[in-house]
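Novice:
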Amino acid sequence: MKGLTRIIAAVAVTLLPLVANAQFVDYGAPSRFVETDVHILGGTTGIIQNYGSAFSEITEMNSSSGAGYGVGAGAVFGLRGWLGLGTELNFVVGHNKLNMAVGNNITSVSNIFIRNRYVYTNIPVYMSFRFNILTGLRWNIDAGLYYSYGIAGSQKQTIYNSSVNELGQLVPRVETSRPGYFNDSNTFINSFRRSDIGLHLATSLLFGRHVTLGVRSQIGFKNISFNDGIRNPRIHNINLLAMVGYKF
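In the working numbering, the protein residues as written are 173 to 420.
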């Protein structure tokens, strides 16, 4: 994903000296009132969390992003040649992983492996700033907010527990379970709220009138964790996805 971002930035910077061949900022009326598209998404999805600081029982912690992918359609309404108001409807599948060690003495230690999978409907609303790099090549910068609602998901839990019994013997035990992801009381430590809202940032290049290539990032403002107990961790979604689309 970092490589794709660098490629898009390098292309834009390289072509900036050539803007004399096109009107870089078009202050006139838009050539089309509405532009519609379909697109596919692919990249990484993850969470920002504070499990380690919220629960002193967690002695070691590792969190990693997973694969994210999806499909969607969008529309941008032209306000001026350089400015549009856009929205989309996307379906995004995300994954992330959590590995932790829990225990505060040598007689009982648990290693816990969590694999999350979830499906969101994702609706960004944004202002689209449009710049003509060359004739037939447009640079878009989008900034706004998104709303997501979880429609499906699961959490795979694998817990390896080792304890010493009264005879001094080490007794290992393995437990596995697969609860749901959203609003399920059986998820590990906390449940996950279905709704999320956050920041939407994107940049893309439009080649001709149809083919578009870009990258986007979404960072959640809302704490999606819910816990009936006294201690509730803070968890926020974060996505980085490449986009390939076709405009009609």
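Every residue, glycine too, gets a C-beta built ideally from N, C-alpha and C.
Since this is a predicted model, take the numbers as computed values, not measurements.
1. Please name the residue, chosen from ASP368, ASN312 and THR375, that lies closest to THR293 on a Cα-to-Cα basis.
2. Looking at the strands, I want to know which residues DSSP matches up with GLN329.
3. Considering only the alpha carbon of each residue, which of ASN355, GLY215 and VAL206 lies closest to LEU413?
4. In whole angstroms, what separates the C-alpha of GLY238 from that of PHE354?
5. Return the CA-CA distance between GLY266 and ILE361, expressed in angstroms with no decimal places.
6. What do you get for ASN399, buried or exposed, if any count of 16 or more other CB atoms within 10 angstroms of its CB means buried?
7. Would a C-beta distance cut-off of 9 Å place ILE286 and LEU261 closer than the cut-off?
8. Count the other CB atoms, across all protein chains shown, that sit within 10 Å of the CB of GLU207; report buried if there are 16 or more and exposed otherwise.
9. Alpha carbon to alpha carbon, what distance is there between MET272 and ASN283?
10. TYR241 lies in the beta strand (DSSP E); which residues open and close that run?
11. According to DSSP, which residues form a beta bridge with VAL291?
12. May I have the straight-line CA-CA distance separating GLN329 from LYS419, to the nearest angstrom?
Specialist: In terms of the structure at hand:
1. The residue labelled residue 293 in the question sits at position 121 within the sequence shown. Nearest C-alpha to THR293: ASP368.
2. Numbered from its first residue, the sequence shown carries residue 329 at position 157. Per DSSP, ILE286 and SER349.
3. On the sequence shown, position 241 is the one that residue 413 refers to. Considering only alpha carbons, the answer is GLY215.
4. As a first step, residue 238 is located in the sequence shown; it is residue number 66 there, counting from the start. As a first step, residue 354 is located in the sequence shown; it is residue number 182 there, counting from the start. So the two alpha carbons sit approximately 18 Å from each other.
5. Start at 1 with the first residue of the sequence shown, and residue 266 comes out as number 94. Start at 1 with the first residue of the sequence shown, and residue 361 comes out as number 189. Taking the straight line from one Cα to the other gives about 20 Å.
6. The sequence position of residue 399 within the sequence shown is 227, counting from 1. With fewer than 16 other Cβ atoms within 10 Å, it is exposed.
7. Counted from its first residue, the sequence shown places residue 286 at position 114. Counted from its first residue, the sequence shown places residue 261 at position 89. No, the Cβ-Cβ distance between ILE286 and LEU261 is not below 9 Å.
8. Here residue 207 refers to the residue found at position 35 when the sequence shown is read from its first residue. Classification of GLU207: buried, given that the 10 Å Cβ count is 16 or more.
9. Here residue 283 refers to the residue found at position 111 when the sequence shown is read from its first residue. Here residue 272 refers to the residue found at position 100 when the sequence shown is read from its first residue. Each residue's Cα considered, the two are about 6 Å apart.
10. Along the sequence shown, read from residue 1 onward, the residue named residue 241 stands at position 69. Residues 230 to 252.
11. To locate residue 291, count along the sequence shown from 1; it is residue 119. For VAL291, which the question treats as bridged, DSSP gives the partners VAL265 and ALA324.
12. The residue labelled residue 329 in the question sits at position 157 within the sequence shown. The residue labelled residue 419 in the question sits at position 247 within the sequence shown. Looking at the backbone, the Cα of GLN329 and that of LYS419 are separated by about 42 Å.
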